[in-house]
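Novice:
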Amino acid sequence: MVNKASKPTDPIIGLDTWNIQLDQNGQLKHFLTTEGLGSEMLTHILDTAESFANINDQRVKKVPLLRGKTIVNLFFEASTRTRTTFELAAKRLSADVLNININTSATSKGETLLDTLQNIQAMQCDMFIVRHNDSGAAHFIANHVAPNISVINAGDGWHAHPTQAMLDMFTIRRNKGNDFSRLRVAIVGDILHSRVARSQIHAFNTLNTGEVRVIAPKTLLPVGIEDMGVNIFTDLEAGIEDADVVIMLRLQKERMQGALLPSEQEYYRLYGLTSQRLRAAKDDVIVMHPGPINRGVEIDSCVADGARSVILDQVSYGISVRMAVMTMVLGREIPDTNRVTDNTSQTDNTKDQSGGIA
Ligand code: MLT
């Protein structure tokens, strides 16, 4: 597939390395950002995930597509959902999975990141799943690994979280259909520190979404956000009015410097999503959240657990989307879901269950 990539605008990574995610045939080699990938590529990821969702609904949830491949989870920052769903996705594809616990690895003893990478590479692995608190870390690693290795960004600093954005697109498509041009989407909360919001906005734009709104206090909006083609609101009820999709974000306090908010109570008073406030949106609105959720800070339990919430579906779909991306970057065929379930491979593929920092 030849990808019609658009020129990216994100200043964090720089223009020189933006297109390293595609090989010379326009196929996905690394998955680092949703920015710059065309609608054909994003739709191909969603279609591939659809066939894996069927597999995940079957009694035996395993296919042999990545048998013999070794996938390394390289998490420099805490994670529960993302790391475990990547691990489960790799196991369902029959890959061997290695979890490197960075807290106890040689990196914490002073070894440089590049030395750590070279040592892991020497173990003949095929893919790195990378989470790092520095923006650009996944691009850096992709630029330094051996040519046979693919890198998937599982979240880098404030920059990007592309598999989260794609599982969100998948959840929306499953609930609202393929035509994003009919949709009004509202993203509410700490946009400033959110790699999820950035990756979502790029994906929404590429998928030709009708309207994307961001709703936050001014202190939690990045400078120049309007250049991303979104409409800005500082009032929650006005922002979610007639929305088809409301995406709530956590206050990412670990990335905040200085006092950006008076208090969590005041934030909840103005921006907390309650059942009462949700009435401003369409009757069939879906409520999403990438997790972890903070009940009583950005969302009320009645909404998080209520009929309009698809938050747990997002987690389930994350496995299918990650299976799709892993298969695509390693150049495997999309499975014929009626045929490929593998009943023979029931072994535990994890080499190091004790690792991980979640
Ligand atoms: C992330 O990794 O960015 C999460 O999925 C969202 C969050 O931490 O709030």
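Following this note's numbering, the numbering of the sequence shown begins with 64 at its first residue and continues without gaps. C-beta atoms are modelled at their ideal positions from N, C-alpha and C, and glycine is treated no differently. Here the structure is a predicted model, which means the values were calculated and not measured.
How would you call A209, buried or exposed, if buried means at least 16 neighbouring beta carbons within 10 angstroms?
Specialist: So A209 counts as exposed.
Novice: Could you name the residues that DSSP lists as bridge partners for R245?
Specialist: R245 pairs with nothing; no bridge assigned.
Novice: Have a look at I83 and Q328 and give me their C-alpha separation to the nearest angstrom.
Specialist: Near 44 angstroms, if we compare the C-alpha coordinates of Q328 and I83.
Novice: DSSP beta-bridge partners for I250?
Specialist: Answer is V277 and I310.
Novice: What three-state label does DSSP hand I420 in the structure shown?
Specialist: Its pLDDT being 22, under 50, I420 is placed unreliably in this model, and the coordinates cannot settle the point.
Novice: Rounded to a whole number of angstroms, what is the C-alpha to C-alpha distance between K154 and D110?
Specialist: Each residue's Cα considered, the two are about 21 angstroms apart.
Novice: With a threshold of 7 angstroms, establish whether the CB of T423 neighbours any heavy atom of the ligand MLT.
Specialist: There is simply no residue 423 to check, as the chain begins at 64 and stops at 421 in what is shown.
Novice: From what residue to what residue does the beta strand (DSSP E) around S257 run?
Specialist: Per DSSP, S257 belongs to no beta strand (DSSP E) and is neither H nor E.
Novice: Would you be able to state if there are at least three C-beta pairs under 8 angstroms between the stretch 215-227 and the stretch 195-202?
Specialist: Yes, the stretch 195-202 touches the stretch 215-227.
Novice: Pull up the distance between the alpha-carbon of V392 and that of I134, whole angstroms please.
Specialist: In a straight line, the C-alpha of V392 is about 12 angstroms away from that of I134.
Novice: Does the distance from the CB of L137 to the CB of I163 come in under 8 angstroms?
Specialist: Cβ atoms of L137 and I163: closer than 8 angstroms.
Novice: How about H222 and R245: are their beta carbons less than 8 angstroms apart?
Specialist: In this structure, R245 does not lie closer than 8 angstroms to H222 by Cβ.
Novice: Mind the definition here: the stretch 330-344 touches the stretch 375-393 only if three or more C-beta pairs lie below 8 angstroms; say whether that holds.
Specialist: Flag = no, the stretch 330-344 and the stretch 375-393 do not touch.
Novice: Evaluate A301 with the Cβ neighbour count: other Cβ atoms within 10 Å of its Cβ, from every protein chain shown; 16 or more gives buried, anything less gives exposed.
Specialist: The residue in question, A301, is exposed, as its Cβ has fewer than 16 Cβ neighbours within 10 Å.
Novice: Given N66, which residues of its chain have a CB within under 7 angstroms of its CB, disregarding the five upstream and five downstream residues?
Specialist: The predicted position of N66 is uncertain, since its pLDDT is 38 and thus under 50; a value taken from the coordinates is nonetheless stated next. Closer than 7 angstroms at Cβ, skipping near neighbours: L85, G89, L100, G101, E103 and M104.
Novice: Check whether the Cβ of P325 sits closer than 7 angstroms to any heavy atom of the ligand MLT, and report yes or no.
Specialist: Answer for P325: no, Cβ out of range of the ligand MLT.
Novice: Suppose you measure from the CA of P32 to the CA of F267; what does that come to, to the nearest Å?
Specialist: Lying before the first or after the last residue shown, residue 32 is absent from the chain, which here runs from 64 to 421.
Novice: Can you tell me which residues form a DSSP beta bridge with H195?
Specialist: D219.
Novice: Thinking just about the alpha-carbon of each residue, which of L255, V348, L177 and D290 is nearest to the one in I249?
Specialist: Note that residue 249 is Ala in the sequence shown here, rather than Ile. For A249, the nearest C-alpha among the options comes from V348.
Novice: What residue from V126, M229 and E98 has the CA that sits closest to T145's CA?
Specialist: Ranking V126, M229 and E98 by Cα distance to T145 puts M229 first.
Novice: Whose C-beta lies closer than 6 angstroms to the C-beta of T97 among residues of the same chain, with five residues either side of it excluded?
Specialist: So the qualifying residues of the chain are P225, A228, S262, H265 and A266.
Novice: For I362, which residues in the same chain have their Cβ closer than 7 angstroms to its Cβ, ignoring the five residues on either side in sequence?
Specialist: Here the set comprises M311, G335, L336, H352 and I356.
Novice: Hey, would you say the C-beta of Q227 is under 7 angstroms away from at least one heavy atom of the ligand MLT?
Specialist: Yes; taking the cut-off as 7 angstroms, the Cβ of Q227 has a heavy atom of the ligand MLT nearer than that.
Novice: Please work out which residues of its chain come closer than 8 angstroms, Cβ to Cβ, to E289, disregarding the five sequence neighbours upstream and downstream, and give them in chain order.
Specialist: Excluding residues within five positions, the ones whose Cβ falls inside 8 angstroms are I295.
Novice: Measure the CB-CB distance between F115 and A387 and report whether it falls below 8 angstroms.
Specialist: In contact: F115 and A387 (Cβ atoms closer than 8 angstroms).
Novice: Inspect the beta-carbon positions of R247 and A306 and report whether they are closer than 8 angstroms.
Specialist: It is a contact, given that the beta carbons lie within the stated cut-off.
Novice: With H, G and I counted as helix, E and B as strand and the rest as coil, what does DSSP make of N82?
Specialist: Looking at N82 - three-state DSSP - the assignment turns out to be helix.
Novice: Would D79 be called buried (16 or more neighbouring beta carbons within 10 Å of its own) or exposed?
Specialist: Interpretation of D79 is limited by its pLDDT of 46, a score under 50 that renders its predicted location unreliable; the figure taken from the coordinates is listed afterwards. Flag for D79 reads exposed.
Novice: So which of S326, R385 and L375 has the shortest CA-CA distance to G359?
Specialist: The residue with the shortest Cα to Cα distance from G359 is S326.
Novice: Rounded to the nearest angstrom, what separates G240 and Q87 at their Cα positions?
Specialist: Each residue's Cα considered, the two are about 32 angstroms apart.
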